[in-house]
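S.K.: Before I ask anything, let me first share the structure, which is written out below as structure tokens.
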Amino acid sequence: MIFFISLLVFLMLVAAIAASVFRDLISAVIATALVSLAASILFYFLQAPDVAMAEAAIGAALTTAIFIIAIRRTKRYEE
Amino acid sequence: MRRIISILLLVIVAFGISLSLAKIPFGVPKTKVGKHYINEGVKETGAVNIVTSVVVSYRGFDTLGEVTVLFIAAIGLGVVLSASRKKAMREVTPASLVLSTGCRVLFPLILIFGTYIFIHGHLTPGGGFQGGAIIASGFLLIYLGCRERRISRAASNLAESLGGLVFIIIGLLGLVSGGYFLLNFLPKGTANTLFSAGIIPIIYIAIGFKVGSELASIIDNLIEES
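Sequence lines, in order, name chains A and B.
Using numbering that gives the first Met the number 0, you'd call the opening residue of the first sequence number 0 and step up by one each time.
Using numbering that gives the first Met the number 0, you'd call the opening residue of the second sequence number 0 and step up by one each time.
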């Protein structure tokens, strides 16, 4: 159990660092969605299923979509 | 030089945060009101899900403020984007058969799941905000997969206004009947059944409609205007 949770935290750390490093903004947005997804699983294991649901629906789905729509209107690659 | 300064600043911030975190006794109940909610919440509000009893009953007025913030955000986005409205109807290439059929099959299931989440908000985890977000993600699926379909703006505005109105009217009815806003004036029934907890399910259904239509209209605005 503790192994799985530390794996999730490690995944969140890697994804968060990757989101700030990537030059391709679509990849960065996918990495932030991964952070949200891992956070929602973590919330579930911390016995907060209400927060987990909100995080999964808003953080991983809707925010990602809104970011991608915004990127489609601007530039995809960061200089 | 700038890099050194920023690293120094980060170290100072990390030191301050760790200093304040070390002072917090984790795992120890700190507030008395939390214990009251856990012990008396089911008896006082009739909702088995304690999170719901706090969000809708004990802190119902804060929830009204939260819904209002979301409403203002959606309105602001609509105003900003409608200022630059130019395209009337764009030619959309329809998605492939597999994608559109998959969306058509999944969409009602997602709607039913979101509705279940907010109707059972007082019994199981979840509630109006979560159910509304799930319903909005179903509409997002329709926008991505069945690109020729559109939701009607009038219906979404109607659902949004009705949700807000029901919330405020229920609150005012509580004010009329008992003396304070959002009083739980309906009979609480037996806990752990669907028709229990008085006004809590009604308010969560209103919030579910409101949040779902607001988030769906945000996505609609963004996709239509961009």
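Quick reminder that beta carbons are idealized off the backbone N, C-alpha and C, glycines included.
Against chain A, does L45 (chain B) count as a neighbour if the rule is that its beta carbon must be under 7 Å from one of theirs?
M.R.: The sequence shown places Gly at residue 45 (chain B), rather than the Leu named in the question. Not an interface residue.
S.K.: Which chain B residues are close to A60 (chain A), counting only those with a beta carbon under 8 Å from its beta carbon?
M.R.: The contacting residues are A132, S136, L139.
S.K.: Within the 7 Å Cβ cut-off, does P200 (chain B) reach chain A?
M.R.: No, no contact with chain A.
S.K.: Could you check whether the Cβ of P186 (chain B) sits closer than 7 Å to any Cβ belonging to chain A?
M.R.: Not an interface residue.
S.K.: Got a sec, what are the start and stop residues for the alpha helix (DSSP H) V54 (chain B) sits in?
M.R.: Note, V54 (chain B): premise wrong, no alpha helix (DSSP H); not H, not E.
S.K.: Could you please give the first and the last residue of the uninterrupted alpha helix (DSSP H) stretch that includes T30 (chain B)?
M.R.: Neither: T30 (chain B) is in no alpha helix (DSSP H) and is coded neither H nor E.
S.K.: Between the region 93-103 of chain B and the region 23-42 of chain A, do three or more beta carbon pairs fall short of 8 Å?
M.R.: Result no; under three Cβ-Cβ pairs closer than 8 Å.
S.K.: On the DSSP bridge assignment, give the partners of Y76 (chain A) in chain order.
M.R.: DSSP output for Y76 (chain A) lists A:D23 as bridge partner(s).
S.K.: Just to check my reading of the structure: M52 (chain A) and Q129 (chain B) have Cβ atoms closer than 8 Å, yes? What is that Cβ distance to the nearest angstrom?
M.R.: About 4 Å; that satisfies the 8 Å criterion.
S.K.: What ranges does the beta strand (DSSP E) occupy inside the region 45-127 of chain B, keeping only unbroken runs of at least 3 residues that lie completely in it?
M.R.: The qualifying runs do not exist here; there are none.
S.K.: According to the Cβ coordinates, are L110 (chain B) and G137 (chain B) closer than 7 Å?
M.R.: For L110 (chain B) and G137 (chain B), yes; Cβs fall inside 7 Å.
S.K.: Since A190 (chain B) contacts V41 (chain B) with CB under 8 Å, what's their CB separation in whole angstroms?
M.R.: With a Cβ gap of about 5 Å, A190 (chain B) and V41 (chain B) count as contacting.
S.K.: What residues from the region 41-73 of chain B come within 7 Å of chain A, judged by C-beta to C-beta, listed N to C?
M.R.: Cβ contacts with chain A come from V50.
S.K.: Using a Cβ-Cβ distance cut-off of 7 Å, determine whether G125 (chain B) contacts chain A.
M.R.: So, interface residue.
S.K.: Are V50 (chain A) and F44 (chain A) close, meaning C-beta to C-beta below 7 Å?
M.R.: No. Outside cutoff.
S.K.: Buried or exposed: which applies to I11 (chain B), given that a residue is buried once 16 or more other Cβ atoms fall within 10 Å of its Cβ?
M.R.: When all chains shown are included, I11 (chain B) counts as exposed.
S.K.: When you compare each of A:S19, A:Q46, A:E54 to L36 (chain A) by their alpha carbons, which one comes out closest?
M.R.: Selected option, being the one with the closest Cα: A:E54.
S.K.: List the residues of chain A that L214 (chain B) touches, going by C-beta distances under 7 Å, in chain order.
M.R.: Here the neighbours are L61.
S.K.: Would I40 (chain A) count as contacting chain B if we go by Cβ distances under 7 Å?
M.R.: Chain B, which has no Cβ nearer than 7 Å to the Cβ of I40 (chain A), makes this no.
S.K.: Quick one: does L8 (chain B) have its CB under 7 Å from some CB of chain C?
M.R.: In the structure shown, chain C cannot be found, because the protein chains are A and B.
S.K.: Does the beta carbon of M52 (chain A) come closer than 7 Å to any beta carbon on chain B?
M.R.: Closer than 7 Å: yes.
S.K.: Below 8 Å on the Cβ atoms is my contact criterion, and I expect G127 (chain B) with F117 (chain B) to pass it. Report the Cβ-Cβ distance as a whole number of Å.
M.R.: Between F117 (chain B) and G127 (chain B) the Cβ distance is about 5 Å, and since that is below 8 Å, they are a contact.
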